[in-house]
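Asker: Dropping the structure in here first, questions after.
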Amino acid sequence: MNKANFIPLASYRNYPESEMKKRAAAFYEEVKRRRTVREFSNQPVPREVIEHAILAAGTAPNGANMQPWHFVVVSDASVKKQIRAAAEKEEHEFYTRRATPEWLEELSALGTDEHKPFLETAPYLIAIFEQSYRIMENGSHRKNYYVTESTGIATGVLVTALHHAGLATLTHTPSPMGFLNEILKRPKNEKPFLLLVVGYPSQDATVPDIRKKGLDEIASFI
Ligand code: IYR
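Residues 3 to 224 (this note's numbering) are what the sequence shown spells out, left to right.
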């Protein structure tokens, strides 16, 4: 057993209340500008920005500090093409067979369909995998904990970090996503969690006119 080793909490910053209020409000103003974008420019993005955003995601709280995630950053045109073909095949099934009429009705406000050109246009796709278990050196398996929760939190940090840097993202979830293991040659202990499309919005990008719920609709204080 590893023994816990504790060090002082040197990184914590305490702000005066007035500053804390300003920071909280300013952060809300910053993140509420984020919109999911489906029309991307092919303008290249510096790799360093992606690297920092992934490092930020890697700081997410997670089960027993196993950090049960893996990020595959795809910029290669031929790999993006394969991903697009496989995703559009699943999406065709979804839009023509798998989705219920209610689901399609609810998606109509977003204007989505089975065509996913952004999977080739955007400079980066980040395939996020959750590691259901670890494979030890002797081949035995060890459990990971709260894998989906952990990877979900890390993905939230990633999306926010990329927005903060000035990039647009699209959280794309073709289902099922098993094709990502094959195309990206990931091991069987990793399950695709989400495909994040990253880049600049195209010059004429539009977004659906939708609203977010207000505080009283999403929170209760008791
Ligand atoms: N995965 C499909 C459908 C889709 C589902 C939901 I829920 C969305 O919020 C958006 C799309 C697609 O990407 O088109």
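Glycine residues also receive a C-beta, built at the ideal position from the N, C-alpha and C atoms.
#1: Does DSSP put Arg188 in a helix, a strand or coil?
#2: Thinking just about the alpha-carbon of each residue, which of Arg188, Arg213, Asp206 is nearest to the one in His72?
#3: With hydrogens ignored, establish whether the beta-carbon of Leu112 is closer than 7 Å to any heavy atom of the ligand IYR.
#4: I want to know whether the region 44-61 touches the region 158-168 - three or more CB-CB distances under 8 Å.
#5: Using the C-alpha atoms, what's the distance from Lys34 back to Arg213?
#6: What first and last residue would you give for the alpha helix (DSSP H) that runs through Val81?
#7: Given a cut-off of 8 Å, decide if Ala111 and Pro210 are closer than it, judged by their beta-carbon atoms.
#8: Using a threshold of 8 Å, state whether the C-beta atoms of Tyr135 and Gly65 are closer than that.
#9: Let me know the secondary structure DSSP gives Ala55 once reduced to three states.
#10: Return the residue from the list Ala89, Gln133, Ser80, Arg36 that minimises the CA-CA distance to Gln69.
#11: Please classify Phe1 as buried or exposed, where buried requires at least 16 other C-beta atoms within 10 Å of its C-beta.
#12: Kindly indicate which residue of Arg49, Lys190, Ser177 has the alpha-carbon position closest to the one of Gly141.
#13: By the DSSP assignment, the alpha helix (DSSP H) with Thr123 in it spans what residues?
#14: Short of 6 Å in beta carbon distance, which residues of its chain neighbour Val161, apart from the five on each side in sequence? Order them along the chain.
#15: Quick one: does the C-beta of Thr153 sit closer than 7 Å to a heavy atom of the ligand IYR?
#16: Just checking my contact of Ile155 with Ala62 at CB under 8 Å: how many whole Å lie between their CB atoms?
#17: I need the straight-line Cα distance from Leu217 to Asp78, nearest angstrom please.
#18: How is the beta strand (DSSP E) around Ala12 delimited, first residue to last?
Answerer: Reading from the atomic positions:
#1: Numbered from its first residue, the sequence shown carries residue 188 at position 186. DSSP places Arg188 in coil when its eight states are reduced to three.
#2: As a working mapping, residue 72 is identified with position 70 in the sequence shown. The residue from Arg188, Arg213, Asp206 with its alpha-carbon nearest to that of His72 is Arg188.
#3: What you label residue 112 is simply residue 110 of the sequence shown in a count that begins at 1. Result yes, Cβ under 7 Å from the ligand IYR.
#4: Judged by Cβ distances under 8 Å, the region 44-61 makes contact with the region 158-168, as three or more pairs qualify.
#5: Along the sequence shown, one-based indexing puts residue 213 at 211. Along the sequence shown, one-based indexing puts residue 34 at 32. Using only the alpha carbons, I get a separation of about 11 Å.
#6: Within the sequence shown, residue 81 is the residue found at index 79, counting from 1. Segment 79-95, the alpha helix (DSSP H) holding Val81.
#7: As a first step, residue 210 must be located in the sequence shown, where it is residue number 208. As a first step, residue 111 must be located in the sequence shown, where it is residue number 109. The answer is yes: Cβ separation under 8 Å.
#8: Taking the first residue of the sequence shown as position 1, residue 135 is located at position 133. Taking the first residue of the sequence shown as position 1, residue 65 is located at position 63. Against a cut-off of 8 Å, the Cβ pair of Gly65 and Tyr135 comes out as no contact.
#9: Counting from 1 along the sequence shown, the entry for residue 55 is found at position 53. Helix.
#10: On the sequence shown, residue 69 is found 67 positions in, with the first residue counted as 1. The shortest Cα separation from Gln69 among Ala89, Gln133, Ser80, Arg36 belongs to Gln133.
#11: Given a span of 3 to 224 for the chain in the structure shown, any question on residue 1 remains unanswerable.
#12: Here residue 141 is taken as the residue at index 139 of the sequence shown, counted from 1. Selected option, being the one with the closest Cα: Lys190.
#13: Along the sequence shown, read from residue 1 onward, the residue named residue 123 stands at position 121. 120-123 is the extent of the alpha helix (DSSP H) around Thr123.
#14: The residue labelled residue 161 in the question sits at position 159 within the sequence shown. When the five nearest sequence neighbours on each side are left out, the beta carbons in the same chain lying within less than 6 Å of the beta carbon of Val161 are those of Thr171, in order along the chain.
#15: Counting from one through the sequence shown, the residue named residue 153 turns up at place 151. Outside the cutoff, so no.
#16: Walking along the sequence shown from the start, residue 155 turns up at place 153. Walking along the sequence shown from the start, residue 62 turns up at place 60. About 4 Å; that satisfies the 8 Å criterion.
#17: Translated into the one-based positions of the sequence shown, residue 217 becomes position 215. Translated into the one-based positions of the sequence shown, residue 78 becomes position 76. C-alpha separation (whole angstroms): 42 Å.
#18: One-based indexing of the sequence shown puts residue 12 at position 10. DSSP places Ala12 outside any beta strand (DSSP E), giving it a letter other than H or E.
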